[in-house]
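Colleague: Have a look at this one.
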Amino acid sequence: MTETRRDSFAGAMREAQRPTGPLVGSIVAVVLFASVMATSILLALIPGITALGLTNISSLAFLSVWILLWVWLRFKERRAFASIGFRSPSRAPLQIARGAAIALGAMSLAVAVAVLTGNMEFLQTPDGSYAAWTALGWVIFALVGFSIQSGAEELISRGYLIQSWMPRFGILAAMIAQTVFFTLAHSLNTGMNILSVLSLILVSLLLGFWALSEGGLWGVIAFHAVWNWAQNSLFGIPVSGIPAENSLLAVVETTDANPLVSGGLFGLEASLTTVVMLAIMAAATIAYWARGRNNRTA
Numbered sequence: 014m015t016e017t018r019r020d021s022f023a024g025a026m027r028e029a030q031r032p033t034g035p036l037v038g039s040i041v042a043v044v045l046f047a048s049v050m051a052t053s054i055l056l057a058l059i060p061g062i063t064a065l066g067l068t069n070i071s072s073l074a075f076l077s078v079w080i081l082l083w084v085w086l087r088f089k090e091r092r093a094f095a096s097i098g099f100r101s102p103s104r105a106p107l108q109i110a111r112g113a114a115i116a117l118g119a120m121s122l123a124v125a126v127a128v129l130t131g132n133m134e135f136l137q138t139p140d141g142s143y144a145a146w147t148a149l150g151w152v153i154f155a156l157v158g159f160s161i162q163s164g165a166e167e168l169i170s171r172g173y174l175i176q177s178w179m180p181r182f183g184i185l186a187a188m189i190a191q192t193v194f195f196t197l198a199h200s201l202n203t204g205m206n207i208l209s210v211l212s213l214i215l216v217s218l219l220l221g222f223w224a225l226s227e228g229g230l231w232g233v234i235a236f237h238a239v240w241n242w243a244q245n246s247l248f249g250i251p252v253s254g255i256p257a258e259n260s261l262l263a264v265v266e267t268t269d270a271n272p273l274v275s276g277g278l279f280g281l282e283a284s285l286t287t288v289v290m291l292a293i294m295a296a297a298t299i300a301y302w303a304r305g306r307n308n309r310t311a
């Protein structure tokens with residue numbers, strides 16, 4: 014990545030003909046999140062829709078973020094949608110692959126620790142196997158859904174909020190703003206506790222400095238999407254307290270599971286294993302970003 018790429022992402026608000034400041038930018042973020050809630054309510058009102066059907070189409074609610082943010086950037090700020098974090102498409106495949114691989118590896122490690130310590134176990138299907146191959150179609154489709162959902166969250170948090178806050182108040186304020194927003198957005202989820210809050214804070218810092226280091230959102234969206242998909246659709250584990258549906262595998266808590274390892278109702282994101290992993294990854298990413306900044310100012 015070059016200096017121009019990294020700096021153009023963080024300072025993209027300067028490209029706007031009518032830029033948005035931190036306060037209004039925060040209001041925009043809240044409105045975008047509210048649009049998801051409103052769309053979800055409308056979807057729930059579809060005649061005859063079942064709980065499973067609502068789960069299957071819930072990712073469509075997050076399309077409102079993509080659409081409304083495009084409208085805001087195009088007609089209010091008058092800057093390109095790509096400036097939110099989708100420049101350098103030639104680098105996108107590598108960044109997407111890297112983000113997906115890190116997410117899958119990290120979540121697989123958390124599952125392995127929980128299973129090997131006897132806190133979680135793989136359930137067998139009625140035919141005696143461990144993989145529900147009949148759910149494969151849903152598992153593939155779910156990756157698209159999680160990409161829409163995770164992408165929307167990254168557009169707001171690591172994209173728009175950072176770009177709204179950083180030019181005027183600097184990196185510290187930008188990181189605090191996006192971390193507070195992301196954590197509060199999940200605050201009503203089932204199973205919230207100290208470890209889940211720590212996990213949300215750490216992943217916010219990890220992905221915030223990751224986006225700044227790469228100068229865009231390709232990698233962080235891939236990480237976020239595969240992180241959620243692996244928990245929910247691959248391993249059948251709750252994602253931030255939201256139960257899994259139609260997963261390929263089913264990993265559940267044992268009767269005497271320790272929530273410090275299994276994560277309890279919130280899922281593995283609230284496990285000590287995940288918190289430690291995220292802390293290590295966040296520290297490494299911040300150090301990498303800091304080294305790049307020092308090289309630019311040297």
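For the sequence shown, this note's numbering begins at 14 and goes up steadily by one. The beta carbon of each residue, even a glycine, is placed where N, CA and C say it ideally should be.
Would you mind reading off the limits of the beta strand (DSSP E) that contains Val4?
Modeller: Outside the displayed span of the chain (14 to 311) sits residue 4, for which this structure offers no information.
Colleague: On a Cα-Cα basis, can you pick out the residue from Ser103, Trp151, Ala57 and Gly172 that is closest to Ser260?
Modeller: Trp151
Colleague: With a 10 Å radius around its C-beta and 16 neighbouring C-beta atoms as the bar for buried, classify Leu251 as buried or exposed.
Modeller: Inspection of the sequence shows that residue 251 is occupied by Pro rather than by Leu. With 16 or more Cβ atoms within 10 Å of its Cβ, Pro251 is classed as buried.
Colleague: Run through the DSSP bridge pairs and tell me what Val41 is partnered with.
Modeller: Paired residues: none, contrary to the question.
Colleague: Which word fits Gly38, buried or exposed, when buried means at least 16 other C-beta atoms lie within 10 angstroms of its C-beta?
Modeller: buried
Colleague: Check Thr15 in the structure and name its three-state DSSP category.
Modeller: Only weak support exists for where Thr15 lies, its pLDDT of 44 falling under 50; the value from the coordinates is given anyway. Correct three-state label for Thr15: coil.
Colleague: Along the chain, which unbroken stretches of the beta strand (DSSP E) at least 3 residues long are found entirely within the stretch 241-303?
Modeller: 264-266
Colleague: Should Met188 be labelled buried (16 or more other beta-carbon atoms within 10 Å of its own) or exposed?
Modeller: buried
Colleague: In angstroms, rounded to a whole number, what distance separates the CA positions of Glu28 and Ser275?
Modeller: 46 angstroms
Colleague: Nearest-angstrom Cα distance between Leu136 and Leu262?
Modeller: Between Leu136 and Leu262, the C-alpha separation is close to 8 angstroms.
Colleague: From which residue to which residue does the alpha helix (DSSP H) around Glu167 run?
Modeller: Leu149 to Glu167
Colleague: At 4 residues or longer, and completely inside the stretch 53-91: list those alpha helix (DSSP H) runs for me, N to C.
Modeller: 64-70 and 76-84
Colleague: Look up Met26 in the DSSP assignment and say whether it is helix, strand or coil.
Modeller: Residue state, collapsed to three classes: helix.
Colleague: Buried or exposed: where does Phe88 fall if 16 or more other Cβ atoms within 10 Å of its Cβ makes it buried?
Modeller: Classification for Phe88: exposed.
Colleague: So Ala123 packs on Met290, CB below 8 angstroms; how close in whole Å?
Modeller: Contact between Ala123 and Met290 holds, with the beta-carbon distance rounding to 7 angstroms and staying under 8 angstroms.
Colleague: Do you know offhand how far Ala116's Cα is from Val239's?
Modeller: 6 angstroms
Colleague: When burial is assigned at 16 or more other CB atoms within 10 Å of the CB, is Val157 buried or exposed?
Modeller: exposed
Colleague: For Met50, count neighbouring Cβ atoms within 10 angstroms of its own Cβ and tell me buried if that reaches 16, exposed if not.
Modeller: exposed
Colleague: So, at 6 angstroms on beta carbons, what are the nonlocal neighbours of Thr52 in its own chain, with the 5 sequence-adjacent residues on each side left out?
Modeller: Ala74 and Ser77
Colleague: Use the C-beta contact count for Val41: other C-beta atoms within 10 angstroms, 16 or more gives buried, fewer gives exposed.
Modeller: Label assigned to Val41: buried.
Colleague: With 16 other CB atoms within 10 Å as the buried threshold, where does Thr286 fall?
Modeller: buried
Colleague: Taking the straight line between their C-alpha atoms, what separation do you get for Ala119 and Ala295?
Modeller: 13 angstroms
Colleague: Can the beta-carbon of Leu220 be found closer than 9 angstroms to that of Ser253?
Modeller: no
Colleague: Less than 9 angstroms between the C-beta atoms of Phe222 and Ile97, yes or no?
Modeller: no
Colleague: Would you give the residue range spanned by the beta strand (DSSP E) that Met133 belongs to?
Modeller: Met133 to Phe135
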